[in-house]
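This report refers to the structure that appears directly beneath it.
Protein chains in written order, with my numbering: chain X, 1 to 279; chain D, 1 to 207.
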């Protein structure tokens, strides 16, 4: 028995890789969907804040991520944009990351097509600008100075939905979907603390722990953390079979497999320790 | 002069931005707005510098046949294809640049990040040991957060997601806040040292 446990403790990493791959492939192939109850989580706070916005509110959505974190953040972007469209908000997109502009365009145009929203009347994408936090401060004094045209080079003055927007204070809410820096923290420090605009956000699961501090202080109105946050938002908005909800089954199984390996590793460790081998 | 001029520029720019924050009226507001626009222009210029540097590094790698040089032509061709398509057709939706971005760059980027899951599993298996009470506490918290982060946690016991939220909101927040306050104080101290010319390493070694 001890020999078997010792062998388990020395499992080749390729076996671990194969089992992790299978834990993702099998639930996806079987189209396994787990029910996703949404409790008193920060994702519910963000949903409720957006839901309480008056019709016609201006909302800025900043797509601060790139393709590497797209599996977590793109479903989030689509769910948030869908909710804003359903609330008849004026959605202005932009990006602090170069590749975020195209990903944001994809999310907004996809949702606009399905919900019958019109570009430049209900939504627009200002695109990417470099500068991070400094650029946000400049947006606080003049939006059109930073973005004289949108992503497709249409001048600011020719976009009807931007007529009543001058600076950051024209927005009822800023939502940053962020994979790192610059992202949510820059928006909280500059957009929220300096200009008093409520900030909501979504981030990868690994960066969520850092942002809980801003929730407790009220500097953020809500947050979507990782694929679970995206799945929560899809559930709350009522998106059926959304990407994130479908991703919950493979993620659940993968988490269980990782936990199983940690347990096996510990059993092997203590067995070896008992024999006097492990430090 | 090579030392004095950069120090004077740094001091002036730094003081204008500090005054602009605490006294948001003229002339500091105008000066602050101008400096921010200059920053945006310089930051945009840095993108071109980055692209030029990327080309320089990879052409050099090919020329000198340095380690893994065979990957460099792929980088150069990829860069040039996207650059030329962007210049000719623009980056608007439905154009070749956008098509390649959404169908090649995006899936490849997502694939690279997804590989992390395999290494996390392998590393956790080899290193996550309950070797003392502190490690055991960390391990227990990690299990609760991992279960609370997926629906299966609530299926096992409906209190697990609540435990996750508590762990993230209370003990995690306490630790994170301590780290953030420490880092923020460090940023303030370093910024003041740079503005007042005490910290000069950004000048490239001159003292």
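Here a beta-carbon is modelled for each residue, glycine too, at the ideal position from N, C-alpha and C.
- Taking C-beta separations shorter than 7 Å and ignoring five residues to either side along the sequence, the partners of residue 226(X) in its chain run 72, 204, 205 and 208, following chain order.
- Cβ atoms of residue 197(X) and residue 169(X) come within 8 Å of each other, at about 6 Å.
- Just so you know, the alpha carbons of residue 174(D) and residue 134(D) end up roughly 17 Å apart.
- Between residue 113(D) and residue 68(X), the CB-CB gap stays under 9 Å.
- Counting of Cβ neighbours within 10 angstroms places residue 249(X) among the buried residues, the total reaching 16 or more.
- Beta-carbon to beta-carbon, residue 81(X) and residue 111(X) are separated by about 5 Å, close enough to satisfy the 8 Å threshold.
- Taking all protein chains shown into account, residue 71(D) has fewer than 16 neighbouring C-beta atoms within 10 Å of its C-beta and is therefore exposed.
- The distance from the Cβ of residue 216(X) to that of residue 192(X) is about 14 Å, inconsistent with a contact at the 8 Å cut-off.
- Inclusion of residue 201(X) and residue 180(X) in the CB contact set at 9 Å is not warranted, their separation being larger than that value.
- Put simply, of 113(X), 39(X) and 97(X) the residue whose alpha carbon is nearest the alpha carbon of residue 158(D) is 39(X).
- Following the DSSP letters along the chain, one finds residue 41(D) inside the alpha helix (DSSP H) bounded by residues 28-63.
- Scanning the segment 223-256 of chain X from its first residue to its last, the whole alpha helix (DSSP H) runs of 4-plus residues come out as 226-237.
- Going by beta carbons, residue 58(X) and residue 125(X) fall outside the 9 Å limit.
- Around residue 11(D), the same chain offers 195, 196 and 197 as residues with beta carbons nearer than 8 Å, after the five sequence neighbours per side are excluded.
- In the three-state reduction of the DSSP assignment, residue 62(X) falls in the strand class.
- When the Cα atoms are used, residue 28(D) and residue 138(X) turn out to be separated by approximately 14 Å.
- Between the segment 40-52 of chain X and the segment 4-11 of chain X there are fewer than three inter-stretch CB-CB distances shorter than 8 Å, so the stretches are not counted as touching.
- Around residue 221(X), no beta-carbon contact reaches into chain D at under 8 Å, the shortest distance being about 15 Å.
- Rounded to the nearest angstrom, the Cβ distance from residue 94(X) to residue 62(X) is 5 Å, consistent with a contact under 8 Å.
- By the Cβ-count criterion, residue 51(D) is exposed, with fewer than 16 other Cβ atoms from all chains shown falling within 10 Å of its own Cβ.
- Under the DSSP assignment, residue 218(X) falls outside any beta strand (DSSP E); it carries neither an H nor an E label.
- At a cut-off of 9 Å, the C-beta of residue 269(X) has a neighbouring C-beta in chain D.
- Setting aside the 5 residues that flank it on each side, residue 184(D) has no residue in the same chain whose C-beta is closer than 6 Å to its C-beta.
- Here DSSP, grouped into helix, strand and coil, assigns residue 178(X) to strand.
- For residue 62(X), the closest Cβ of chain D is not nearer than 9 Å.
- When the beta-carbon positions are compared, residue 228(X) and residue 254(X) stay at least 9 Å from each other.
- In the three-state DSSP reduction, residue 99(X) falls in the coil class, being neither helix nor strand.
- The DSSP-derived three-state label of residue 269(X) is helix.
- Within 8 Å of the CB of residue 137(D), no CB atom of chain X is found; the nearest one sits about 14 Å away.
- Excluding its 5 nearest sequence neighbours in each direction, residue 158(X) has no C-beta neighbour in its own chain below 7 Å.
- Under the DSSP definition of a beta bridge, residue 119(X) partners with 123(X).
- Close to chain X, meaning a Cβ-Cβ distance shorter than 9 Å, are the following residues of the segment 83-95 of chain D: 90, 91, 92 and 93.
- Residue 161(D) counts as buried, since no fewer than 16 other beta carbons sit within 10 angstroms of its beta carbon.
- Taking 9 Å as the upper bound on Cβ-Cβ separation, chain D lies near residues 129, 130, 131, 132, 134, 135, 137, 138, 141, 142, 145, 146, 151, 152 and 153 of the segment 129-162 of chain X.
- Residue 51(X) counts as exposed, since fewer than 16 other beta carbons sit within 10 angstroms of its beta carbon.
- Annotation for residue 183(X): no beta strand (DSSP E) segment contains it, and DSSP assigns it neither H nor E.
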